[in-house]
Ligand SMILES: Nc1ncnc2c1ncn2[C@@H]1O[C@H](COP(=O)(O)OP(=O)(O)OP(=O)(O)O)[C@@H](O)[C@H]1O
Ligand SMILES: [Zn+2]
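Numbering (this note's numbering), first residue to last: 483 to 1106.
Written as structure tokens, this is what we have:
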């Protein structure tokens, strides 16, 4: 086949046969994932498995080229696979599910793959796959894009830096619930006004593209139902816009800033740790509806709430007239002052009721203009670089064999726009693992194999004893359920020690962290050990098998700063750090150290636990 002859030219006949026998996993079937699927098929991988938890949304169609309008609400993974069947020569296996679901995707399932590609859009899932790749020692091609910027990072466990070796930037997109129910910053209200409200009222074509994220950010069913219902009700507001009912602009304000907020206030759970919003004063709405405005206010001065509402009336009227003059779909454009004023006043009224500082129209113009769109071309470039790099990672190129894994290039694109003068792709080298990385550097890692019987019968005390014997830990060690940062045992907390592993909630997919609490007089500690629990079906001697890993001693605590310097140097002068790694990270998991007390934890243990967590986060230096 002509297509195959091209890849054969690149890798040679023998390597092509190897490629045909390899299995790859693509995590995410969105913007990058769709591209990866096409590229992996064109390369000729023997088997390609693709996972996505989501269904197709109207807003995906502009760039996720495997999907059509008729596919809306269908699962992404199966639809993507159907769309490529006609040119496919590989075995394709789609899954709809959350990659972090250890029941659907246990460690043994990951182990079947020769390489993993990430096409994800959130920090939690990226971190999870990174950790899994470290546990099973499989190469991972991590990637991400943001507007015209993007990056790929090949991760070879133990040899190159991992995803968590460098600190990640704060989020630029937000979970749905933050935007729709619990805003806490001006930008949340601006995203709501621009991406959601404005589109619902003035642009039918993009009206379901209401968020920059499909991540609900909550499991609260009541809240999700409310958001869905609210979306349906907004279609009625669109009718007001279409109906020439200028006198009904009051109803729009009342619905958005009084009735919807009343409903929100009824969901008690939302307000346990947050300040409640206050309803917009109905008399302010009534007064503003009577006010006459022809004055132009300075866009760089701060308007009070009264002025915001008056301007909201005026600008909504103006936009309604534009709709009636034939512009049925108006697009937000920061340079179209009408659309800007609508978004600014709506955002500010929402900020006002959520006790968030309001912003000048001028400031809002900067913020709204910067909300970064996803660009199909960047996704295509990044997925292409990712699959090409995979050839090198898998040693499939007959020439220039890679001497060390860190000689692999990590690619960044920046300003890939055809309007920009400085288009470039840079390729900084990879760094070795960061010794103070919480994932790769500071802990040793392995998999405990255990039977269900073992899980039900073996007590925590027995496990601790086995661990101490096998890895030469001292008497005092602490045991933490690392999946949720729960303390299970340490030198003065033994409430759970005589319970079985299943009684302390350990199960297939749990990760436990053992740390030396004692050390020597010279402050030499045994390195921490993180073990993944894999429950197996067959039989095992003593029902449990600990992994054969070396757990060396380390000196503590020395802050390690070398790595940061190294990263800066690696990225080169021409690449602005801020431009490079910008992804929609989930704020909650940014530190990776969520600390939840054990259900039966005494207050004094919470203190100790906090101390321990801190040690885990601080640096440990390995002694050779
Ligand atoms: N934990 C997860 N398990 C499986 N798939 C995931 C997980 N987290 C995210 N994804 C998928 O990764 C894909 C990321 O693709 P992309 O960045 O294009 O986002 P999108 O949700 O399709 O688009 P947008 O966020 O711009 O609306 C999405 O299809 C999303 O469903
Ligand atoms: Zn790391």
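Glycine is no exception: its CB is placed at the ideal position from the N, C-alpha and C atoms. Just so you know, these numbers come straight off a predicted model, no measurement behind them.
Within 8 angstroms, do at least three Cβ pairs link the stretch 539 to 558 to the stretch 583 to 603? no
By Cβ distance below 8 angstroms, which residues in the same chain neighbour residue 752 in space, the five residues on each side in sequence not counted? 663, 664, 702, 705 and 746
Between the CA atoms of residue 874 and residue 819 - distance to the nearest angstrom: 51 angstroms
Looking only at its chain, what residues have a beta carbon closer than 6 angstroms to the beta carbon of residue 816, apart from the 5 residues adjacent to it on each side? So the list reads 822, 847, 850 and 851, once near-sequence residues are dropped.
Less than 8 angstroms between the CB atoms is what I'm expecting for residue 676 and residue 814, so what's the real figure, rounded? 5 angstroms
Just list the residues that DSSP pairs residue 626 with in beta bridges. 633
Just reading off the alpha helix (DSSP H) that residue 953 is part of, what are its end residues? 942 to 953
From the DSSP output, read off the bridge partner residues of residue 891. 911
Limits of the alpha helix (DSSP H) - the one that residue 1037 falls within: Careful: residue 1037 lies outside any alpha helix (DSSP H), inside the beta strand (DSSP E) at 1035 to 1037.
Which word fits residue 678, buried or exposed, when buried means at least 16 other C-beta atoms lie within 10 angstroms of its C-beta? buried
Return the chain-ordered list of same chain residues with a C-beta closer than 8 angstroms to the C-beta of residue 936, the five sequence neighbours on each side being excluded. 983, 1022, 1024, 1025 and 1026
Specify the secondary structure class of residue 515 as computed by DSSP and reduced to three states. helix
Using a threshold of 7 angstroms, is the CB atom of residue 548 nearer than that to any non-hydrogen atom of ligand 1? Result no, Cβ not under 7 angstroms from ligand 1.
Beta-carbon contacts of residue 590 that lie in its chain and below 7 angstroms, excluding the five residues immediately before and after: 1016
Residue 494 versus residue 869 - alpha carbon distance: Straight-line spacing of the CA atoms in residue 494 and residue 869 works out to 17 angstroms.
Across which residues does DSSP place residue 575 in a beta bridge pair? 531
Assuming residue 964 and residue 994 are in contact, meaning their beta carbons sit under 8 angstroms apart, how far apart are those beta carbons, in whole angstroms? For residue 964 against residue 994, the beta-carbon gap comes to about 6 angstroms, under 8 angstroms, which counts as contact.
From the DSSP output, read off the bridge partner residues of residue 865. None; residue 865 has no bridge partner.
Residue of 911, 592 and 671 minimising C-alpha distance to residue 635: 911
Using 8 angstroms as the cut-off, can you tell me whether the stretch 547 to 554 makes contact with the stretch 571 to 578, which would need three or more C-beta pairs spanning the two stretches below that distance? no
Between residue 1001 and chain B, is there a C-beta pair that is closer than 8 angstroms? No chain B appears in the structure shown, which is made up of a single protein chain.
Could you tell me which whole beta strand (DSSP E) segments of length 3 or greater appear in the stretch 968 to 1018? 968 to 971, 993 to 998, 1006 to 1008 and 1010 to 1018
Can you tell me whether DSSP reads residue 585 as helix, strand or coil? In the three-state reduction of the DSSP assignment, residue 585 falls in the coil class.
Status (buried if at least 16 other CB within 10 Å, exposed otherwise) for residue 640: Exposed is the label assigned to residue 640, since fewer than 16 other Cβ atoms lie within 10 Å of its Cβ.
Please return the same chain residues whose Cβ sits closer than 8 angstroms to the Cβ of residue 728, not counting the five positions on each side in sequence. Closer than 8 angstroms at the Cβ level, and outside the excluded window around residue 728, lie 799 and 802.
Bridge partners for residue 494 per DSSP, in chain order? Paired residues: none, contrary to the question.
Quick one: is the Cβ of residue 525 within less than 7 angstroms of any heavy atom of ligand 1? no
Residue 960 by DSSP, collapsed to three states: which one? It is a strand residue.
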